[in-house]
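Going line by line, the protein sequences match chains Z and G.
Residue 625 is where the first sequence starts when you use our numbering, and the numbers rise one by one after that.
Residue -1 is where the second sequence starts when you use our numbering, and the numbers rise one by one after that.
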Amino acid sequence: MVITRKVEFSASHVCRNPALPDEENRKLYGAAANPHGHGHNYVLEVSLEGVPDPLTGMILDLKELKEILNREVVEPYDHRFLNYEVPPFDRVVPTAENIACDIWRRLEPRLAARGHRLHSIRLYETPDLYVDYAGEQPCSR
Amino acid sequence: MFSVTRRYHFAASHRLCSPHLGDEENRRVYGKCANPYGHGHNYVLEVTARGPLDPATGRAADPRRLDALVDRHVLAAFDYRNLNLDLACFADTVPTSENLAVEICRRLKRHWASEFPGEWPTLEIVRIAETPRNIFEIRADEIDQIKRESA
């Protein structure tokens, strides 16, 4: 059974690879490369896979999941400029894909330590653009 | 591997009526959807591309390329049209949302390499919502199977 919890955070970012000239960044990322950045209301859906505990009827305590999501994702990300305030985005371009990858890295070990299996995450950058990631390798081409 | 999904909107009219069935039978099979003058929907189309990250860009699929492909090969042809009368592909095929999903998937697959010439990303899923409560989904790798079945 898969259970999904949703959280939101608002953050600004700029999609710009510092190793490339401005013109090339503009070509790759369009308006998302504008130097002073821009922001989104991100919506994150986190899905866990498990079997309901016969005693409680629950896969896990949702309050516990909420606390983990708040501590590991919302607190570090919310109302921040990702490129300047949230590593690794000082080095890694904060595309939705890379943000999803970073969120996976933050959450998976914390959940595994409590015996929970992270199934997949879905990150909405806007209501019309989202990324699904289930931790599959390879992450890169 | 990532799945990147982009959502698009188009408005179109259609009438569900099979030339192989009589009026009464069409009415029985399709209900109100068979009304002679047709009716319309605000369709919501989701297109999912799948692939690994390109380390140079940090992206698995460039949404602007996807937009260009969908604008050119789907929205330009379908938005503000009567599917039965304006689209040759529905002259002999009932424009149910299942058939619409197949047609959109075929168009995107046919032209995919013009925007995505490399190995990745690939077209994974086409999902179409006729209304917020009626949603139809097809995997791109199922399309060839449909071709074979109908051939």
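Idealized CB from N, CA, C, for every residue including glycine.
Given the structure is predicted, the values throughout are model-derived calculations rather than measurements.
Check: Going along chain G, which residues have a C-beta under 7 angstroms from Z/A635?
Finding: Simply none; closest approach about 16 angstroms.
Note to self: Could you check whether the region 30 to 43 of chain G touches the region 106 to 114 of chain G, counting it as contact only if at least three pairs of C-beta atoms, one from each stretch, sit closer than 8 angstroms?
What the structure shows: no
Next item on the list: Classify G/G56 as buried or exposed, calling it buried when 16 or more other Cβ atoms lie within 10 Å of its own Cβ.
Entry: buried
Item checked: Nonlocal neighbours in the same chain, by C-beta distance under 6 angstroms from Z/E721, ignoring five residues either side -> V755
Checklist line | Contact under 8 angstroms by Cβ, Z/A724 with Z/H743 | finding: no
Check: Within this structure, are the beta carbons of G/D65 and G/R4 separated by less than 8 angstroms?
Finding: yes
Check: Of the choices Z/P751, Z/V717, Z/E648, Z/R629, whose alpha-carbon is the least far from that of Z/L672?
Finding: Z/R629
Check: Does the region 5 to 22 of chain G touch the region 687 to 700 of chain Z, meaning 3 or more C-beta pairs lie closer than 8 angstroms?
Finding: With the cut-off at 8 angstroms, the region 687 to 700 of chain Z and the region 5 to 22 of chain G do not touch.
Check: With burial defined as no fewer than 16 other Cβ atoms inside 10 Å of the residue's Cβ, what is the status of G/P61: buried or exposed?
Finding: buried
Margin query: Classify Z/F633: buried if its beta carbon has 16 or more other beta carbons within 10 angstroms, exposed otherwise.
Written below: buried
Notebook entry, point to check: Thinking C-alpha only, which one of Z/R730, Z/A657, Z/P751 is nearest Z/N641?
Noted result: Comparing Cα-Cα distances from Z/N641 to each of Z/R730, Z/A657, Z/P751, the minimum goes to Z/A657.
Note to self: Ignoring anything shorter than 4 residues, give me the alpha helix (DSSP H) runs that lie fully in the region 64 to 127 of chain G, in order along the chain.
What the structure shows: Within the region 64 to 127 of chain G, the complete alpha helix (DSSP H) segments of 4 residues or longer fall at 81 to 84, 95 to 113, listed in chain order.
Next item on the list: May I have the straight-line CA-CA distance separating G/C87 from Z/L686, to the nearest angstrom?
Entry: 49 angstroms
Check: Hey, is Z/T615's beta-carbon within less than 8 angstroms of any beta-carbon in chain G?
Finding: It is not possible to answer for residue 615 of chain Z, since the shown part of chain Z is limited to 625 through 765.
Next item on the list: Measure the alpha-carbon distance for G/R79 versus Z/P676 and round it to whole angstroms.
Entry: 49 angstroms
Note to self: Strictly under 8 angstroms for the Cβ-Cβ distance: is G/G56 near chain Z by that measure?
What the structure shows: yes
Item checked: Proximity to Z/M625 [Cα-Cα], best of Z/L689, Z/F705, Z/M682, Z/A737 -> Z/M682
Check: Counting only beta-carbon atoms, is Z/E721 nearer than 8 angstroms to chain G?
Finding: yes
Notebook entry, point to check: What does G/T120 touch in chain Z if you count any residue whose Cβ is under 9 angstroms from its own?
Noted result: Near G/T120 there are no residues of chain Z at all, since even the closest Cβ is about 13 angstroms away, more than 9 angstroms.
Notebook entry, point to check: Since G/T3 meets chain Z, which of its residues come closer than 8 angstroms, beta carbon to beta carbon?
Noted result: Neighbours of G/T3 across chain Z, judged by C-beta separation under 8 angstroms: L753, Y754, V755, D756.
Next item on the list: Spell out whether any CB of chain G is found under 8 angstroms from the CB atom of Z/V716.
Entry: yes
Next item on the list: With 8 angstroms as the threshold, decide whether the Cβ of Z/E669 is near any Cβ in chain C.
Entry: No chain C is present in this structure, whose protein chains are Z and G.
Margin query: Can you look up Z/L652 in the DSSP assignment and give me helix, strand or coil?
Written below: helix
Check: Going along the chain, which residues of its own chain have a beta-carbon closer than 6 angstroms to the beta-carbon of Z/Y653, five neighbours each way excluded?
Finding: If the five residues before and after Z/Y653 are omitted, its C-beta is found closer than 6 angstroms to the C-beta atoms of C639, all from its own chain and listed in chain order.
Next item on the list: Figure out for me which residue from G/T129, G/G20, G/L73 has the closest Cα to the Cα of G/C103.
Entry: Among G/T129, G/G20, G/L73, the Cα nearest to that of G/C103 belongs to G/L73.
Next item on the list: Tell me whether G/E147 is buried or exposed, calling it buried when 16 or more other Cβ atoms sit within 10 Å of its Cβ.
Entry: Reliability fails at G/E147, whose pLDDT of 49 lies under 50, so the model's placement of it is uncertain and the value that follows must be treated cautiously. It is exposed - the Cβ of G/E147 has fewer than 16 other Cβ atoms within 10 Å.
Item checked: Top-ranked residue by Cα proximity to Z/R746, from G/P119, G/T46, G/F76, G/I126 -> The candidate whose alpha carbon is nearest that of Z/R746 is G/T46.
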